[in-house]
Amino acid sequence: MIEIISGTNRPGAVSAMVAQWYQALLQQKGVESQILDLIELPEDFTVSALYDSSGTNKGFNALAERLRHASKMVYIVPEYNNSFPGVLKAFIDGMDYPSPFKGKKCALVGVSSGVQGGGMAMSHLTDVFNYLGMHVLAQKPRLAQIEKNMANGQLTNTLYKQLLEEQVEAFVRF
């Protein structure tokens, strides 16, 4: 099972839409996946599920368990302040040891309202995953100015569609 992580807990985030598009592309390839939207995180997880409270928050534990059992992961990475969202970092930091990331494979898709497409965000997240022993697919589409490249909840940019399709193809083989 491939787990697609929408990397923000922001209500109404474009990342959740991109996660759905990605899931549809995987489905076309006959690959099973599910979406883990960080909006599902318990509101108090940074105090009730981390550090000395590790393992005590049932809501957090259920989401973390999904990553433990995922065969691969896809992260939809929105750009926040030239990096990835703090909620995603806190979620990663809340994982137990040994890391559920070690030896697994993942793909990253950058999303931004600006012109960089989340390039720095994906670079920072790649560093974190490399440290944790995860293998990151080198092909990382950057969906810049995302709001200008979608209409009625659908991606309108032909190049972006092509980049996602190419990444899905490479990720399935990865």
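To convert, take the position in the sequence shown, counting from 1, and add 6; that gives the working numbering. Idealized CB from N, CA, C, for every residue including glycine. In this text the structure is predicted, and so the values were computed from the model without any measurement.
Three-state secondary structure assigned by DSSP to residue i
i: Glu-9; result: strand
i: Ala-96; result: helix
i: Met-156; result: strand
i: Arg-148; result: strand
i: Val-178; result: helix
i: Lys-167; result: helix
i: Gly-116; result: strand
i: Lys-78; result: strand
i: Leu-138; result: coil
i: Lys-111; result: strand
i: Val-83; result: strand
i: Ser-60; result: coil
i: Ser-89; result: strand
Exposure of residue i, with buried meaning 16 or more beta-carbon neighbours within 10 Å
i: Arg-74; result: exposed
i: Gly-116; result: buried
i: Arg-179; result: exposed
i: Gln-160; result: exposed
i: Pro-17; result: exposed
i: Glu-85; result: buried
i: Ala-176; result: exposed
i: Asn-158; result: exposed
i: Asn-63; result: buried
i: Met-79; result: buried
i: Thr-14; result: buried
Cα-Cα separation between residue i and residue j, rounded to whole angstroms
i: Asn-88; j: Gly-120; result: 10 Å
i: Val-20; j: Lys-167; result: 15 Å
i: Lys-35; j: Asp-58; result: 42 Å
i: Gln-40; j: Ala-150; result: 25 Å
i: Leu-143; j: Leu-170; result: 13 Å
i: Gln-122; j: Ala-70; result: 30 Å
i: His-141; j: Val-134; result: 11 Å
i: Thr-164; j: Lys-146; result: 16 Å
i: Val-93; j: Asn-155; result: 26 Å
i: Ser-12; j: Val-37; result: 18 Å
i: Lys-108; j: Pro-48; result: 25 Å
i: Arg-148; j: Ile-8; result: 21 Å
i: Ala-22; j: Asn-67; result: 21 Å
Expected contact under 8 Å - CB spacing of residue i and residue j to nearest Å
i: Gly-61; j: Asp-102; result: 7 Å
i: Ile-10; j: Gln-29; result: 6 Å
i: Asp-43; j: Ala-25; result: 7 Å
i: Leu-138; j: Ser-105; result: 5 Å
i: Ala-76; j: Gln-173; result: Wrong, their Cβ atoms sit about 17 Å apart, outside the cutoff.
> Which whole runs of the beta strand (DSSP E) in the region 29-56 are 3 residues long or more, in chain order?
Replying inline: 39-43
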